[in-house]
Every structure is written in structure tokens, then in C-alpha cells.
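J.: Residue numbering for the sequence shown follows my numbering, beginning at 49 and increasing consecutively.
Even glycine gets a Cβ: it sits at the ideal position worked out from N, Cα and C.
Input: one structure, supplied below.
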Amino acid sequence: MQYNPNKEELKPLIEALEKKRRTYFNFRQTAKNLYWLPSGLFILCVLISLVYETPLLLCFMFCVCLALFIKFKKVDTYEEDYSKVYKETFVKPFAQVFYPKVTYLPGKFSTSNNMQVSLLYESLGSEQWLSCEDGFRGKTEEGLDFTMMEVSYRVEVDGKMVTKQEFFVSIELPKKGYRPVVVAPGSMMKYMLERYNEKEINEEPIVEQTGFEAYFEDRYAVYSQQKEDARALLTTPFLALIQKLGKQWTEGIRFSFVDDVLHIALPPQQDFFEGDLEQVVLTNTVGEELFKELSTYLSTVEELSVSLHEIKLPSKERIPLPKDLDLPNRNWDDSAYDHFIGDEL
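Encoded structure:
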């Protein structure tokens with residue numbers, strides 16, 4: 049699909065967004081005038097110190113704190129408010145113009161049922177901050193239901209807490225009847241998955257000798273209770289796409305097949321779907337840039353959907369697992385997640 053800037057539905061959207069942008073921009077410029085307050089106060093303290101003994105360091109620290117208060121409580125709030133307006137009044141209807149089968153759910157929420165089921169975030173405890181935003185829901189061209197959202201969470205790296213972002217996609221499988229299969233780089237999920245009796249399969253090659261096995265086996269570990277399920281799901285077309293995505297997204301991809309749904313976590317290259325208060329909407333390629341962001345992720349969803357039609361059903365009869373082994377741990381601390389999307393995502 050190509051971007052068409054002349055669609056009649058776009059003009060009123062762009063004009064309305066530019067009007068709102070100017071309003072928030074002017075409010076922010078007015079708020080920036082408050083920076084003169086700490087500057088003038090410090091100059092006054094310096095002048096007073098010429099006559100009286102004055103603790104200039106204390107005055108300076110107070111002025112810096114006042115300037116930071118103005119920045120975060122006055123100036124930056126207009127950027128945040130504009131970003132919310134940008135998503136609700138521009139991105140949401142824009143997505144419907146080009147992708148009528150897709151619904152965009154702006155705003156932030158804590159987590160979704162798909163994330164809990166996937167096992168991909170099971171290692172995050174209630175003490176680790178986790179949130180989602182920019183949710184999408186719809187059907188692929190192949191007719192498969194999918195959801196997609198941006199996930200942020202904090203993890204410890206080399207003794208420091210850092211924030212990581214991922215795009216989390218869930219797509220229903222066209223065929224049903226699989227036991228859980230999880231694939232992740234190296235041994236990063238080994239301990240957590242073995243708690244659910246999901247053992248790493250390494251006795252013999254899982255991937256067919258089709259040219260992808262070296263790339264795949266050097267980077268990923270496969271966890272499942274049945275080799276047959278892993279072989280049925282990890283088909284040549286699907287692994288070819290994983291190899292392509294691995295090069296495109298640069299960092300490690302992890303994915304799982306749980307409850308007959310593919311769940312995949314992709315590390316994004318940038319923070320998408322954010323409004324820029326400095327960017328004049330009418331004279332810049334805001335629509336084209338947004339279309340590129342949407343098409344980047346939705347085309348990935350479509351590619352995954354197509355590859356899933358090549359998976360095979362395991363030949364052996366499906367024997368239900370014990371309940372405590374068949375499902376991931378649902379015992380997440382609800383107090384850490386104030387809102388589960390449930391039926392929405």
C-alpha cells in the first residue's frame with residue numbers, strides 16, 4: 049500500500065491537528081516565560097550579596113529547583129497533552145483511513161491478558177514497572193485476529209535499572225491443537241520455563257536442514273514438552289521470516305505459541321506514534337511519516353500471518369496436559385497492574 053496525501057479524509061484531520069498544535073505551542077511558549085522568575089531571583093540574590101552576606105550557593109540551588117519545577121510541571125505538560133491529542137484525534141482516525149480493519153487504542157494501560165498467557169514476560173515480578181500503550185486490534189488479510197501494543201518495562205542491567213521497549217504482537221493460529229512452544233535467545237528463559245515443565249529441546253535438531261538451521265540454532269533455544277509440536281510450528285517459511293526480522297530489529301527476538309496463538313516480542317528502533325510540538329503539520333510530512341510507522345509494524349503482522357498458514361498440525365493425538373502444566377502462571381499481582389485490557393486487547 050502506498051501513501052496518498054490527497055485522500056479527502058486527510059485534509060480536515062491535518063488542519064484540525066495543526067490548529068491544536070499551535071494552541072499548545074503558544075501555551076508552552078507562554079509557560080517558558082516563567083523561566084525568567086528563577087533567573088531574576090538569582091540575579092537579585094547576587095546584587096543583595098554585594099551589600100549583605102548572602103548564601104549564594106543555597107540561592108542558586110533553590111533557583112535551579114524552581115526552574116526544574118517550571119519545566120516539568122508547566123512547560124513539559126503541554127508537550128504531553130499535545131501527544132495525547134495527536135494520538136486520539138489524528139493517529140486513531142488516520143489508521144482507519146488506510147487500515148479500516150484495524151482499530152487503534154491510544155493511551156496507556158498496564159498489561160493485557162495476551163501478555164500473561166504468552167510466558168514472554170513471566171520473569172517480570174510485581175516490583176518491576178510494566179506498562180503498555182499504542183494498542184492495535186484487528187484482522188489480517190488472511191483473516192486472523194491480532195493485537196499489537198508497545199510495551200515498556202524496567203530491568204536490571206549491570207547493576208542499573210534501565211527501561212526497555214518492545215512491540216508485542218499476538219496472532220491467532222489458523223490451525224488449533226498445539227501444546228506450548230517457546231523460543232528465546234540462548235538460555236535467557238531456561239530457568240523460568242522449566243518451572244512449567246517446558247524443557248529445552250537440544251538432543252537433536254528441531255529445525256529441518258533447509259539453510260536456516262545454522263542461523264536459528266546459534267541464536268535461539270526451543271522449549272517445549274513435545275518435539276513434534278516444535279517441529280510442526282517451526283516451518284521453513286516461518287523461520288525465514290524470523291531470520292529476516294532478526295536482521296531488521298537487530299536485538300534478540302523471542303516468541304511463543306501458547307493457547308494456539310503466536311506471541312512475539314520485537315525490540316523497536318524508536319518510540320513510534322508520538323506527536324512533535326515543534327513540527328508544523330501543514331508544511332511537513334507528518335502524514336507520510338505516520339503512514340511509514342504504521343506500515344512498518346502492520347506489514348510485519350501481515351508477514352507473520354502469511355507464514356502461519358504453512359504450519360502443520362502434529363500427527364499424534366492431542367493428549368490434554370495437567371491443568372497446572374498446560375497454562376502459564378496467572379498469579380500476577382493485580383495490585384501492580386491497575387487495569388487489565390481483557391476484552392479490548
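Hey, Leu281 and Phe305: beta-carbon distance below 8 Å or not?
T.: As a working mapping, residue 281 is identified with position 233 in the sequence shown. As a working mapping, residue 305 is identified with position 257 in the sequence shown. Against a cut-off of 8 Å, the Cβ pair of Phe305 and Leu281 comes out as a contact.
J.: When the Cα of Ile359 is compared with those of Pro285, Lys340, Leu95 and Val329, which residue comes out closest?
T.: Stepping through the sequence shown from its first residue, residue 359 is reached at position 311. It is Pro285 whose Cα lies nearest to the Cα of Ile359.
J.: Can you give the Cα-Cα distance for Phe138 and Thr125, rounded to whole angstroms?
T.: As a working note, residue 138 is residue 90 in the sequence shown. As a working note, residue 125 is residue 77 in the sequence shown. Those two C-alpha atoms are separated by around 19 Å.
J.: Kindly indicate which three-state DSSP category Thr211 falls into: helix, strand or coil?
T.: Position 163 of the sequence shown, counted from the first residue, corresponds to residue 211. Residue state, collapsed to three classes: strand.
J.: Helix, strand or coil: which one does DSSP assign to Lys224?
T.: As a first step, residue 224 is located in the sequence shown; it is residue number 176 there, counting from the start. Here Lys224 sits in coil by DSSP.
J.: Looking only at its own chain, which residues have a Cβ that is under 8 Å from the Cβ of Pro370, when we skip the five neighbours before and after it?
T.: Walking along the sequence shown from the start, residue 370 turns up at place 322. Per-residue confidence for Pro370 stands at a pLDDT of 44, beneath the threshold of 50, marking its modelled position as unreliable; no derived number is given.
J.: With a Cβ-Cβ cutoff of 8 Å, do Leu395 and Leu356 count as a contact?
T.: No statement about residue 395 is possible, as the shown extent of the chain runs from 49 to 393 and does not include it.
J.: Can the beta-carbon of Ser218 be found closer than 8 Å to that of Phe184?
T.: As a position in the sequence shown, residue 218 is number 170, starting the count at 1. As a position in the sequence shown, residue 184 is number 136, starting the count at 1. Cβ atoms of Ser218 and Phe184: not closer than 8 Å.
J.: Taking the DSSP output, what are the residues bridged to Thr151?
T.: As a working note, residue 151 is residue 103 in the sequence shown. Note: Thr151 sits in a beta bridge opposite Arg185.
J.: DSSP on Pro233, reduced to helix/strand/coil?
T.: Residue mapping note: residue 233 aligns to position 185 of the sequence shown, counting from 1. Reduced to three states, the DSSP call for Pro233 is strand.
J.: Hey, Leu221 and Val309 are a contact pair by Cβ (cut 8 Å); roughly how many whole angstroms apart?
T.: For this step, residue 221 is matched to residue 173 along the sequence shown. For this step, residue 309 is matched to residue 261 along the sequence shown. Right, the Cβ-Cβ distance comes to about 6 Å (below 8 Å), so this counts as a contact.
J.: Can you give me the C-alpha to C-alpha distance between Phe339 and Ile290, rounded to a whole angstrom?
T.: Residue 339 sits at position 291 when you count from the first residue of the sequence shown. Residue 290 sits at position 242 when you count from the first residue of the sequence shown. Going by the C-alpha atoms only, they are around 24 Å apart.
J.: Using only CA atoms, which one of Ile96, Leu104, Tyr147 and Glu101 lies nearest to Asn52?
T.: Stepping through the sequence shown from its first residue, residue 52 is reached at position 4. Selected option, being the one with the closest Cα: Tyr147.
J.: Less than 8 Å between the beta carbons of Val231 and Tyr268, yes or no?
T.: Here the question's residue 231 lines up with position 183 in the sequence shown. Here the question's residue 268 lines up with position 220 in the sequence shown. Against a cut-off of 8 Å, the Cβ pair of Tyr268 and Val231 comes out as a contact.
J.: Are the beta-carbon atoms belonging to Val210 and Val203 less than 8 Å from one another?
T.: Counting from 1 along the sequence shown, the entry for residue 210 is found at position 162. Counting from 1 along the sequence shown, the entry for residue 203 is found at position 155. Their beta carbons are under 8 Å apart, which means Val210 touches Val203 by this criterion.
J.: What are the boundary residues of the alpha helix (DSSP H) that includes Leu58?
T.: Taking the first residue of the sequence shown as 1, we reach residue 58 at position 10. Where Leu58 is concerned, the enclosing alpha helix (DSSP H) stretches over Leu58 to Lys80.
J.: When burial is assigned at 16 or more other CB atoms within 10 Å of the CB, is Val270 buried or exposed?
T.: Numbered from its first residue, the sequence shown carries residue 270 at position 222. Per the 10 Å Cβ criterion, buried.
J.: Excluding sequence positions up to five away, which residues of its chain have a Cβ less than 7 Å from the Cβ of Tyr345?
T.: Indexing the sequence shown from 1 puts residue 345 at position 297. Same-chain partners within the cutoff: Met196 and Phe215.
J.: Would you call Met109 buried or exposed, if buried means 16 or more other Cβ atoms sit within 10 Å of its Cβ?
T.: Taking the first residue of the sequence shown as position 1, residue 109 is located at position 61. Exposed, by the Cβ-count rule.
J.: I'd like the span of the alpha helix (DSSP H) that includes Leu290, first residue to last.
T.: For the purposes of this step, residue 290 is taken as residue 242 along the sequence shown, with counting starting at 1. It should be noted that the sequence gives Ile, not Leu, for residue 290. Element bounds for Ile290: Thr284 to Trp297.
J.: Consult DSSP for Glu204 and reduce its assignment to one of helix, strand or coil.
T.: Here residue 204 refers to the residue found at position 156 when the sequence shown is read from its first residue. If DSSP states are grouped into helix, strand and coil, Glu204 belongs with the strands.
J.: The beta strand (DSSP E) spanning Val329 covers which residue range?
T.: In the sequence shown, residue 329 corresponds to position 281, counting from 1. Where Val329 is concerned, there is no enclosing beta strand (DSSP E), given that its DSSP letter is neither H nor E.
J.: Helix, strand or coil: which one does DSSP assign to Leu92?
T.: One-based indexing of the sequence shown puts residue 92 at position 44. Leu92: helix per DSSP, three-state reduction.
J.: Would you say Leu116 touches the ligand SAM, meaning its beta carbon is less than 7 Å from a heavy atom?
T.: In terms of ligand content, the structure shown is empty, and the ligand SAM therefore cannot be addressed.
J.: Assign Glu101 to one of three DSSP states: helix, strand, or coil.
T.: For this step, residue 101 is matched to residue 53 along the sequence shown. Glu101: coil per DSSP, three-state reduction.
J.: Quick one: what does DSSP say Glu4 is sitting in, helix, strand or coil?
T.: The chain is shown from 49 up to 393; residue 4 falls before or after that span and cannot be answered.
J.: Do you know whose CA, among Arg279, Tyr72 and Lys119, lies nearest Lys132's CA?
T.: By one-based count along the sequence shown, residue 132 stands at place 84. Checked all of Arg279, Tyr72 and Lys119; the closest Cα to Lys132 is Tyr72.
J.: How far does the alpha helix (DSSP H) with Leu314 in it extend, from its first residue to its last?
T.: On the sequence shown, position 266 is the one that residue 314 refers to. Here Leu314 belongs to no alpha helix (DSSP H); instead the beta strand (DSSP E) covers Val309 to Leu314.
J.: Whole angstroms are fine: how far does the CA of Ile312 sit from the CA of Gly225?
T.: For the purposes of this step, residue 225 is identified with residue 177 of the sequence shown, where counting begins at 1. For the purposes of this step, residue 312 is identified with residue 264 of the sequence shown, where counting begins at 1. The alpha-carbon atoms of Gly225 and Ile312 are separated by roughly 19 Å.
J.: Specify, as a first and last residue, the run of the alpha helix (DSSP H) that Tyr271 falls within.
T.: Along the sequence shown, one-based indexing puts residue 271 at 223. No alpha helix (DSSP H) holds Tyr271; the beta strand (DSSP E) holding it covers Tyr268 to Ser272.
J.: Distance, Cα to Cα, Pro141 vs Gly323?
T.: Here the question's residue 141 lines up with position 93 in the sequence shown. Here the question's residue 323 lines up with position 275 in the sequence shown. Going from the Cα of Pro141 to the Cα of Gly323 covers about 15 Å.
J.: Which residue marks the beginning of the alpha helix (DSSP H) containing Val145, and which one marks its end?
T.: Counting from 1 along the sequence shown, the entry for residue 145 is found at position 97. Counting along the chain, the alpha helix (DSSP H) containing Val145 begins and ends at Lys140 to Phe146.
J.: Taking 8 Å as the threshold (C-beta atoms), are Ala115 and Tyr83 in contact?
T.: Your numbering for residue 83 matches position 35 in the sequence shown. Your numbering for residue 115 matches position 67 in the sequence shown. Taking 8 Å as the Cβ cut-off, Tyr83 and Ala115 qualify as a contacting pair.
J.: Check each candidate in Cys107, Glu181, Asp129 and Gln77 and name the one with the smallest Cα separation from Pro86.
T.: As a first step, residue 86 is located in the sequence shown; it is residue number 38 there, counting from the start. That would be Cys107, whose Cα lies nearest to the Cα of Pro86.
J.: Measure the Cβ-Cβ separation of Leu399 and Val349 and say whether it is below 8 Å.
T.: Because residue 399 is not part of the residues shown, which for the chain are 49 to 393, the question remains open.
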